[in-house]
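Chains as they are written, first to last, in the UniProt record's numbering: chain A, 1 to 410; chain B, 1 to 124.
Here it is, written out as C-alpha cells:
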C-alpha cells in the first residue's frame, strides 16, 4: 500500500479546500490536497454564470474563472495535489487517512487535517412525491453538469421545483439553450434564492415563480409526461381544487443542499439539524487536529465566504502543526428568530466572524449579546432566510465571555 | 414624475434601488444602492437594460466538448437571442486559453465573447 506523509491534509479541492491549502502553505508547512475528481475547482467548474469573486478578488468573475485564479494561487512548491482519490476512513489514533485510488488503497499520515468536502443536493427520493419511477427528473446540479460540461440538454419542456439559486440559474440557462421552462414552483410563501437571480433569471425571461405551490404527483410511461402541482396553505396542506397539470418531459429539483459529512460523521460532532460539521470560530471540530470549512459545515450564499472560511481553517490547521494551543471555547446560543448560525462555538483565540440566517422573514436588527451587554447591532433591515448575514466582532471588543447570544430584535 | 423599483443584479447583495424620473424619463434621483456600480446599473436599467451573457461554445479536438464563455461587458438585453444564435453556430479549435477572444465586438456592441476556462487539445 502506497504511503504519503504531510503536515496539513486537505480533503477536497473546491473553493474551501483551495482556500485552506493556500493559507496553510503561507504558514510554511507542507500541504497535501486530496480531490475526488481529476481537477481542482469543485462545483465552480460547472457554474459558468457570473457573480463570483466580488468580495475575494474585487472583480466579477464566472465560476471557472474564479477556480482558475485560485488554482494559480495554489500551484506552489509546498502544496501537493492528489486527484482521483476518495476518502475511505480516518484512523484517529495514528492520524492516518485512507483513500481509494486507481492504484488501490493508499494512506496519508498527517499532523492535522482540513475537511472540505462540500455539500450534496437533496435528492428526489427524499421528497416522497407520489408517482412512477419515470426518467426526466434531475437535480439542478446534474442538469447543470449535463448542460454546461457534457453538451447535453436534459429535455424539451421543464418545470423547476424549488427556488434555490441553482434552480433559478438553471431556469435561465435552459431557456437560453432552447428549452421551455414553464414555471418555478416554491412550497414556501417566499423565494429560496437571491432577489437578483429572480430578477435576471426569471423576470428577464417571463418565467413565472409560483409561491406556496408544490408537486403533487408525477406521471408518465418510461419518460416523464405530466406533473400535477397544487397550492398549499400555511401548514403546507394542499388546498383542494388548486391542482393543475403541466405537460412537461423534465422536472428539475432545486430543493436545497445537505452538507456532505458521511465519511467523517463518526469522528467529529455533527449538527443533527443541519448535518453540518460543528466547528468553532477557528474552524476547529470536536477533535483538536481536525478542522472543517465550506459547505460541509454550513451552506453558504457566496463562494467568497467559502474561500475565506477555508483560509481560516487552513491557517489554524497549520498553527496546530506548529504547536499552538487551542483557546477556551464558548457555546453561542440562538435567540429569537435565528435559523442558522455558524460557528456554533466561539474560541477566544480568534475574532468572532458570524454567518446567520433568520428562520422566518423579519424586519428588525440582528444583535449579539455577551451576557446582558450588546456587543454588535446591525442596521434595521428586512431579512429573508435565503439571504445570509455576515459580520465580524473583534476579539478585543468581546472581552471576558459571559455567555454569547445572537437574536433578532424589533 | 414616476418611480421604478429595481433589484440590482451587479452582485449577490441585490440592493433594492428606487429610481425617480420626471415624465420625460430624465432620472432625478437614485436611492438604495450601496455602491457606484448599483447607480450605474440603475441608470442603464431604466433606459436600455444590459446583461452579461454567460454561455458555452463548442470545442473541436478538445479534452472537453464545450468551453465556457461570457461577454466582456454587459450587452443590451434586447440583443440576447440574436447573440445566443451566433454563439450556438460558433466552434473553436482546442487548445483554448482563458480570456481568449472567440468573437470580437459581437453585433457591434463593443463586447467580445471570451473563454472563461482553458481547454487542452486531446491527445490522439
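A virtual CB, placed ideally from N, CA and C, is assigned to each residue, including glycine.
How far does the alpha helix (DSSP H) with residue 346 of chain A in it reach, from first residue to last?
In the first chain, residue 346 of chain A corresponds to position 346, counting from 1. Careful: residue 346 of chain A lies outside any alpha helix (DSSP H), inside the beta strand (DSSP E) at 345 to 347.
With DSSP run on the structure shown, which of helix, strand or coil describes residue 306 of chain A?
The residue labelled residue 306 of chain A in the question sits at position 306 within the first chain. In this structure, residue 306 of chain A counts as helix in the three-state DSSP scheme.
Where does residue 123 of chain A land, buried or exposed, given buried means 16+ other C-beta within 10 angstroms?
Within the first chain, the letter at position 123 stands for residue 123 of chain A. That one is exposed.
So for residue 407 of chain A, helix, strand or coil by DSSP?
In the first chain, the residue the question calls residue 407 of chain A occupies position 407. Of the three classes helix, strand and coil, the one that applies to residue 407 of chain A here is strand, per DSSP.
Three-way DSSP call (helix, strand, coil) for residue 140 of chain A in this model
As a first step, residue 140 of chain A must be located in the first chain, where it is residue number 140. DSSP places residue 140 of chain A in helix when its eight states are reduced to three.
Which value, in whole angstroms, describes the spacing of the CA atoms of residue 235 of chain A and residue 243 of chain A?
Position 235 of the first chain, counted from the start, is the residue given in the question as residue 235 of chain A. Position 243 of the first chain, counted from the start, is the residue given in the question as residue 243 of chain A. Rounded to the nearest whole angstrom, the C-alpha separation of residue 235 of chain A and residue 243 of chain A is 17 Å.
Mind checking the stretch 27 to 51 of chain A against chain B and listing, in chain order, the residues whose C-beta falls within less than 8 Å of any C-beta there?
Identification of residues in the stretch 27 to 51 of chain A having a C-beta nearer than 8 Å to some C-beta of chain B yields 45, 48, 49, 50, 51, given in sequence order.
For residue 64 of chain A, which residues in chain B fall below 7 Å Cβ to Cβ?
Your numbering for residue 64 of chain A matches position 64 in the first chain. Those are 68, 116, 117, listed as they occur along chain B.
Compare the C-beta of residue 32 of chain B against all C-beta atoms of chain A and say whether one is closer than 8 Å.
Taking the first residue of the second chain as position 1, residue 32 of chain B is located at position 32. Not closer than 8 Å to any Cβ of chain A, the Cβ of residue 32 of chain B fails to qualify, so no.
Beta-carbon contacts of residue 27 of chain B that lie in its chain and below 7 Å, excluding the five residues immediately before and after
Taking the first residue of the second chain as position 1, residue 27 of chain B is located at position 27. Cβ neighbours of residue 27 of chain B beyond the five flanking positions: 19, 21, 43, 46.
Candidates A:372, A:341, A:168, A:150, of which the one nearest residue 158 of chain A by Cα
Against the first chain, residue 158 of chain A aligns to sequence position 158. Nearest C-alpha to residue 158 of chain A: A:168.
In angstroms, rounded to a whole number, what distance separates the CA positions of residue 40 of chain A and residue 18 of chain A?
As a first step, residue 40 of chain A must be located in the first chain, where it is residue number 40. As a first step, residue 18 of chain A must be located in the first chain, where it is residue number 18. Looking at the two C-alpha atoms, the distance is approximately 8 Å.
Please state whether DSSP places residue 45 of chain B in a helix, a strand or coil.
Counted from its first residue, the second chain places residue 45 of chain B at position 45. In the structure shown, residue 45 of chain B sits in a helix (DSSP, three-state: H, G or I).
Strictly under 8 Å for the Cβ-Cβ distance: is residue 38 of chain B near chain A by that measure?
Here residue 38 of chain B refers to the residue found at position 38 when the second chain is read from its first residue. Residue 38 of chain B has a beta carbon lying at 8 Å or more from every beta carbon in chain A.
Is the beta carbon of residue 59 of chain B closer than 8 Å to that of residue 67 of chain B?
Your numbering for residue 67 of chain B matches position 67 in the second chain. Your numbering for residue 59 of chain B matches position 59 in the second chain. A contact, by the Cβ cut-off of 8 Å.
Hey, is residue 204 of chain A's beta-carbon within less than 8 Å of any beta-carbon in chain B?
One-based indexing of the first chain puts residue 204 of chain A at position 204. Yes - at least one Cβ of chain B is within 8 Å of the one on residue 204 of chain A.
Which first and last residues belong to the beta strand (DSSP E) in which residue 65 of chain A is found?
If you number the first chain from 1, residue 65 of chain A lands on position 65. Not the beta strand (DSSP E): residue 65 of chain A falls in the alpha helix (DSSP H), residues 63 to 74.
With distances taken from CA atoms, which of A:1, A:24, A:409, A:384 is nearest residue 10 of chain A?
Translated into positions along the first chain, residue 10 of chain A becomes position 10. When C-alpha distances from residue 10 of chain A are compared across A:1, A:24, A:409, A:384, the shortest belongs to A:24.
Interface positions of the stretch 176 to 209 of chain A facing chain B (Cβ-Cβ less than 7 Å), listed along the chain:
Using a CB distance below 7 Å, the part of the stretch 176 to 209 of chain A facing chain B consists of 176, 194, 195, 196, 199, 200, 204, ordered along the chain.
Excluding the 5 residues flanking residue 61 of chain A on each side, which residues of the same chain have their C-beta closer than 6 Å to its C-beta?
Against the first chain, residue 61 of chain A aligns to sequence position 61. The beta carbon of residue 61 of chain A lies closer than 6 Å to those of 52, 53 in the same chain, with the five residues before and after it left out.
Just confirm the distance between the C-beta atoms of residue 225 of chain A and residue 249 of chain A, as a whole number of angstroms; I'd bet it's less than 8 Å.
Working through the first chain from its first residue, we reach residue 225 of chain A at position 225. Working through the first chain from its first residue, we reach residue 249 of chain A at position 249. Distance from residue 225 of chain A to residue 249 of chain A at the Cβ level is roughly 7 Å; contact confirmed, criterion being Cβ atoms closer than 8 Å.
So for residue 205 of chain A, helix, strand or coil by DSSP?
Position 205 of the first chain, counted from the start, is the residue given in the question as residue 205 of chain A. Look at residue 205 of chain A here: in three-state DSSP terms it is helix.
Beta carbon of residue 9 of chain B, beta carbon of residue 173 of chain A: below 8 Å?
The residue given as residue 9 of chain B occupies position 9 in the second chain. The residue given as residue 173 of chain A occupies position 173 in the first chain. Taking 8 Å as the cut-off, the Cβ atoms of residue 9 of chain B and residue 173 of chain A do not count as close.
List, in order along the chain, the chain A residues whose C-beta lies closer than 8 Å to that of residue 84 of chain B?
Looking up residue 84 of chain B in the second chain gives position 84. Going along chain A in sequence order, the residues near residue 84 of chain B (Cβ under 8 Å) are 176.
By Cβ distance, which residues of its chain are closer than 6 Å to residue 70 of chain A, with the 5 residues on each side in sequence left out?
Position 70 of the first chain, counted from the start, is the residue given in the question as residue 70 of chain A. Scanning its chain for C-beta atoms nearer than 6 Å, with the 5 sequence neighbours on each side dropped, one finds around residue 70 of chain A the residues 18, in chain order.
Please specify which runs of the beta strand (DSSP E), each continuous and at least 3 residues long, are wholly inside the stretch 312 to 393 of chain A, giving them in chain order.
For the stretch 312 to 393 of chain A, the continuous beta strand (DSSP E) assignments of 3+ residues that do not extend past its boundaries occur at 329 to 334, 338 to 342, 345 to 347, 352 to 358, 362 to 370, 373 to 377, 381 to 383, 389 to 393, in sequence order.
Assuming the contact rule is C-beta atoms closer than 8 Å, residue 433 of chain A and residue 181 of chain A should be a hit. Round their C-beta distance to whole Å, please.
What is shown of chain A runs 1 to 410, which leaves residue 433 of chain A out entirely.
Taking 8 Å as the CB-CB limit, is residue 98 of chain B close to chain A?
On the second chain, residue 98 of chain B is found 98 positions in, with the first residue counted as 1. Contact of residue 98 of chain B with chain A is assigned, a C-beta pair being separated by under 8 Å.
To the nearest angstrom, report how far apart residue 71 of chain B and residue 80 of chain A are at their CA atoms.
By 1-based counting over the second chain, the position of residue 71 of chain B is 71. By 1-based counting over the first chain, the position of residue 80 of chain A is 80. Cα to Cα, residue 71 of chain B sits roughly 35 Å from residue 80 of chain A.
7 Å Cβ shell around residue 133 of chain A - same chain, five flanking residues per side excluded
As a working note, residue 133 of chain A is residue 133 in the first chain. Counting only Cβ-Cβ distances below 7 Å, and skipping sequence neighbours, we find nothing.
Can you name the start and end residues of the beta strand (DSSP E) that residue 85 of chain B belongs to?
In the second chain, residue 85 of chain B corresponds to position 85, counting from 1. First-last for residue 85 of chain B: 80 to 88, but that is the alpha helix (DSSP H), not the beta strand (DSSP E).
Going along chain B, which residues have a C-beta under 9 Å from residue 68 of chain A?
Numbered from its first residue, the first chain carries residue 68 of chain A at position 68. Close to residue 68 of chain A, with beta-carbon spacing below 9 Å, are these residues of chain B in chain order: 98, 116, 117, 118.
Tell me the rounded alpha-carbon separation between residue 98 of chain B and residue 212 of chain A.
As a working mapping, residue 98 of chain B is identified with position 98 in the second chain. As a working mapping, residue 212 of chain A is identified with position 212 in the first chain. If I take the Cα positions, the gap works out to 43 Å.
Taking the beta carbon of residue 324 of chain A as the centre, do at least 16 other beta carbons fall within 10 Å, making it buried, or is it exposed?
For this step, residue 324 of chain A is matched to residue 324 along the first chain. Looking at its Cβ environment, which holds fewer than 16 other Cβ atoms inside 10 Å, residue 324 of chain A is exposed.
With 16 as the cutoff for other CB atoms within 10 Å, does residue 30 of chain A come out buried or exposed?
As a first step, residue 30 of chain A must be located in the first chain, where it is residue number 30. That one is buried.
Alpha carbon to alpha carbon, how far is residue 296 of chain A from residue 2 of chain B? Give it in angstroms, no decimals.
The residue given as residue 2 of chain B occupies position 2 in the second chain. The residue given as residue 296 of chain A occupies position 296 in the first chain. Cα to Cα, residue 2 of chain B sits roughly 47 Å from residue 296 of chain A.
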